[in-house]
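Written below as structure tokens is the structure these notes are about.
Number of protein chains: 2
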Amino acid sequence: MTDFPEDSSAARPGIPDALPPCEQHSQQYAAVRDAHETELVEDYVELIGDLLTHQGEARSTDIAMRMGVSQATVAKMVRRLNNQGLVISKPYRSLFLTDAGKAMAEESRLRHGIVLNFLRSLGVSDRTARIDAEGMEHHVSKETLDIMQRFIDGWARRS
Amino acid sequence: MTDFPEDSSAARPGIPDALPPCEQHSQQYAAVRDAHETELVEDYVELIGDLLTHQGEARSTDIAMRMGVSQATVAKMVRRLNNQGLVISKPYRSLFLTDAGKAMAEESRLRHGIVLNFLRSLGVSDRTARIDAEGMEHHVSKETLDIMQRFIDGWARRS
DNA sequence: TCGAAAAGTTAGCCTTGGCTAAACTACTTG
DNA sequence: CAAGTAGTTTAGCCAAGGCTAACTTTTCGA
């Protein structure tokens, strides 16, 4: 079923993986670039959703603090989210999510949670799992995500 | 040992993870931004190393094709790698890695291989594993990487 | 061997996502 | 109720990483 010559090389010195065909290779990098375009948006929307859930409101100061970024950067991003129809923002008021925004936030939250708990159930420490999950979540395909979820389920049942 | 209040929430609707403390939260995003700064460089260096290994030379056309990017983009990047002392490039000639470049390429290759084989041994298809690995590799900490390696070893022994 | 095709380079443009500084609004409290 | 402080917005800067177009150099084949 794999559409690429089998090379079950171990990830060990001396047995280099063959290069994938050119076209496939470039698609890998393209996928990464695509992910980078959307991931900041998703992170903001997810964070706004989390703030709304846990604190009742999403203010740009809080976002700036949590993202570790200046308020100006947040403002610029919020305008973009507004244009994309993901958040509703009235001047000097705190933010709300549109339906599309809510959907994206929920999807991100779920995915983030799966990756995080997958790492935890592998035995990764909480702190590291959080950091790695934040970076990894946008690069995990549906296929891999499903496998992670099944892994968590199996692990939960076993323990 | 976790330095954050225990909340073994499952990644399921209805049981939202609490927000981490502000400072930790912002460090997560900072880590992602840091990774983004270095990952392109690592990808180029890794690719150049792979091309040198598998084809004997690394020409910018090949890099452009594999990266799915224009030659001009490659040229700009190569100048940067040159300034950083990672590659040696003479005008109109193909590229070579410095010792620092070789070290980075080897490290990236190893890490990439571990992530790729980890995904495969989870049962992810080759094609998807390659795409996900390309995106994930730069966000996987040493701690997680070690765990992945042990997982692969266990899986290999078992099968 | 020489001329055309391929490879490499340079210049200049665009968008993103950071930043600071300054202006403006809202909240709080004396 | 009037400051003053805290929060928000705007303007303008910068670097990164894409691109196209135009140019130069190298390579190859007739």
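In the order they appear, the protein sequences are chains Y and E.
Quick note on numbering: the working numbering labels position 105 of the first sequence as 116, and the sequence is numbered without any gaps.
Quick note on numbering: the working numbering labels position 115 of the second sequence as 126, and the sequence is numbered without any gaps.
Glycine included, every Cβ here is placed at the ideal spot set by N, Cα and C.
Taking 8 Å as the CB-CB limit, is ASP14 (chain E) close to chain Y?
Residue confidence for ASP14 (chain E) is low, a pLDDT of 40 falling below 50, so the modelled location carries little weight; the figure read from the coordinates is stated next. Yes, because at least one Cβ of chain Y sits closer than 8 Å to the Cβ of ASP14 (chain E).
If you measure between the beta carbons of SER37 (chain E) and MET78 (chain Y), is that distance less than 8 Å?
yes
Roughly how many angstroms lie between the CA atoms of LEU62 (chain Y) and ILE74 (chain Y), to the nearest whole one?
8 Å
Determine, for ALA22 (chain Y), whether the minimum Cβ-Cβ distance to residues of chain E falls below 8 Å.
Model confidence at ALA22 (chain Y) stands at a pLDDT of 43, short of 50, so the residue's coordinates are unreliable and nothing is read from them.
For a contact defined as C-beta to C-beta under 8 Å, what are the partners of THR49 (chain E) on chain Y?
Those do not exist, as THR49 (chain E) stays about 12 Å from chain Y at its closest Cβ, beyond 8 Å.
Jot down the residue ranges of each uninterrupted alpha helix (DSSP H) in the region 39–80 of chain Y, minimum 4 residues, whole runs only, in chain order.
71–78
At the 8 Å Cβ level, is ARG168 (chain E) part of the contact set with chain Y, yes or no?
no
Which chain Y residues are close to PHE107 (chain E), counting only those with a beta carbon under 9 Å from its beta carbon?
Here the premise fails: no neighbours, minimum Cβ distance about 18 Å.
Out of curiosity, what's the CA-to-CA distance linking GLN39 (chain Y) and SER100 (chain Y)?
36 Å
Following the continuous alpha helix (DSSP H) through ASP28 (chain Y), name the residue where it begins and the one where it ends.
ASP28 (chain Y) -> no alpha helix (DSSP H), and no H or E assigned at all.
Closer than 8 Å to chain E by CB, SER119 (chain Y)
no
Could you check where the alpha helix (DSSP H) with GLU118 (chain Y) kicks off and where it finishes?
110–133
Say whether chain E places a C-beta atom closer than 8 Å to the C-beta of ASP110 (chain Y).
no
Decide if HIS123 (chain E) is buried, meaning its Cβ has at least 16 other Cβ atoms within 10 Å, or exposed.
buried
Cβ-Cβ distance between HIS149 (chain Y) and ALA46 (chain Y) below 8 Å
yes
For SER119 (chain Y), collect the residues of the same chain with a Cβ closer than 8 Å to its Cβ; drop the 5 residues on either side in sequence, then sort them by chain order.
GLU53, ASP54, VAL56, GLU57, GLY60, GLU148
Can you pull the DSSP bridge partners for VAL98 (chain Y)?
Y:LEU108
Could you pull out every residue in the same chain whose Cβ sits closer than 6 Å to the Cβ of PRO24 (chain Y), ignoring the five residues on either side in sequence?
At PRO24 (chain Y), the pLDDT of 46 sits below 50, so the modelled position is not reliable and the matter cannot be decided from this model.
Rounded to whole angstroms, how far is the Cβ of LEU108 (chain E) from the Cβ of LEU121 (chain E), which I believe are closer than 8 Å?
Contact flag wrong, Cβ pair sits at about 15 Å.
On the CB-based measure, 16 or more other CB atoms within 10 Å of its CB, does THR155 (chain E) come out buried or exposed?
buried
Quick one: what does DSSP say SER152 (chain E) is sitting in, helix, strand or coil?
coil
When DSSP labels each residue in this structure, what does SER170 (chain Y) get in the three-state scheme?
coil
Contact list for GLY134 (chain E) against chain Y, beta-carbon separation under 8 Å
ILE158
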